[in-house]
Amino acid sequence: MGISNRAFTGKLGNLVSYNLKGIKVIRHIGKTSKAPTLAQLVIRQKMATVINFLRPCLAFINIGFEIEVLGSNKNQHNAAVSYNTKHATQGEYPNISLDYSKVLVSKGVLEPVLKPQAALTGTKLSITWEVDPDMNWGIINDRSILIIYCQELDCAIYELIGTRRSTGRNEIELPTNYLGKNLHIYIAFTASDRKSISNSVYIHIPG
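Here's what the structure looks like:
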């Protein structure tokens, strides 16, 4: 790997150039005639499974993993892929799948959502959580952020500025084509100044 100040970006022969946090990086891509090992096939399928899931979630991931990558040479997508490949896949090759309950779409040290529940009335999704009456005043104004991934449609909707932690409730209107399908919901809190975030917490509404 090398660092370049030239304008070229993309693939040229066996060289690939791209931007990483404002730094131009050039990598050499070699060819191999060796068949991949089982371990390589496993990690490739795990990564592909995670990347496919994250594709409609990128805008959310950019916020959810922003704090996690501060001071590192990783970007948000790389960090999310790395974590979920290691912690949120299941099964044996070639039948590896995602364990939605173990996925994180945000990662941080802020106090997470307590005992969230979800209920669907028509197209209105209501998410409630427990409010600690003795919560620290500094987190009262934390804002909820949430994403709803529809498994059958392979798409997601999200809310990046939701209600305050102290309200104990958030509602979002769903598209009609989400009804009757498996909905994987992830909710987290972000500080009002956006300088800290919690791990996401999972809720499932079966189809």
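In this note's numbering, the protein residues as written are 233 to 439.
Even for Gly, the Cβ is constructed at its ideal location relative to N, Cα and C.
Since the structure is predicted, the reported quantities are computational estimates derived from the model, not experimental observations.
Can you tell me whether DSSP reads residue i as helix, strand or coil?
i    : result
L270 : helix
R375 : strand
S430 : strand
Q383 : coil
A320 : coil
A423 : coil
L286 : helix
K356 : strand
N414 : coil
I389 : strand
N409 : helix
I293 : helix
I275 : helix
Alpha carbon to alpha carbon, what distance is there between residue j and residue i?
i    : j    : result
E343 : G394 : 16 angstroms
P288 : C387 : 6 angstroms
N431 : V301 : 14 angstroms
R397 : G340 : 16 angstroms
K334 : I359 : 19 angstroms
G323 : P438 : 21 angstroms
L252 : H309 : 12 angstroms
N307 : S314 : 11 angstroms
T269 : N409 : 42 angstroms
I463 : K278 : Given a span of 233 to 439 for the chain in the structure shown, any question on residue 463 remains unanswerable.
W361 : V433 : 11 angstroms
W369 : P348 : 21 angstroms
Q383 : L336 : 16 angstroms
I255 : L290 : 21 angstroms
R401 : D364 : 13 angstroms
R426 : L411 : 32 angstroms
A267 : M367 : 56 angstroms
E405 : R375 : 18 angstroms
Look at the Cβ atom of residue i, then the Cβ atom of residue j, and state whether they are nearer than 9 angstroms.
i    : j    : result
K413 : L378 : no
L346 : N316 : no
S424 : N373 : yes
A312 : I435 : no
E391 : K356 : no
T281 : T321 : yes
T422 : I293 : no
Excluding five sequence neighbours on each side, which residues of the same chain lie with their C-beta closer than 6 angstroms to the C-beta of residue i?
i    : result
I380 : I389, L415, I417
Y332 : H416
S338 : G296, A420, I429, S432
Can you list, in chain order, the residues of its chain whose CB lies under 8 angstroms from that of residue i, leaving out five sequence neighbours each side?
i    : result
Y325 : L270, L273, V274, Q277
S407 : Note on identity: in this sequence residue 407 is Pro, with Ser being the wrong assignment. The residues are T355, I389.
I371 : L342, E343, R397, F421, A423
Between residue i and the rest of its own chain, which residues show a CB-CB distance below 7 angstroms, the 5 nearest in sequence each way excluded?
i    : result
I283 : V313
Mind pulling the beta strand (DSSP E) runs of 3 or more residues that sit fully within the segment 304 to 353? With a minimum length of 3 residues, the continuous beta strand (DSSP E) runs that stay inside the segment 304 to 353 are 349 to 353.
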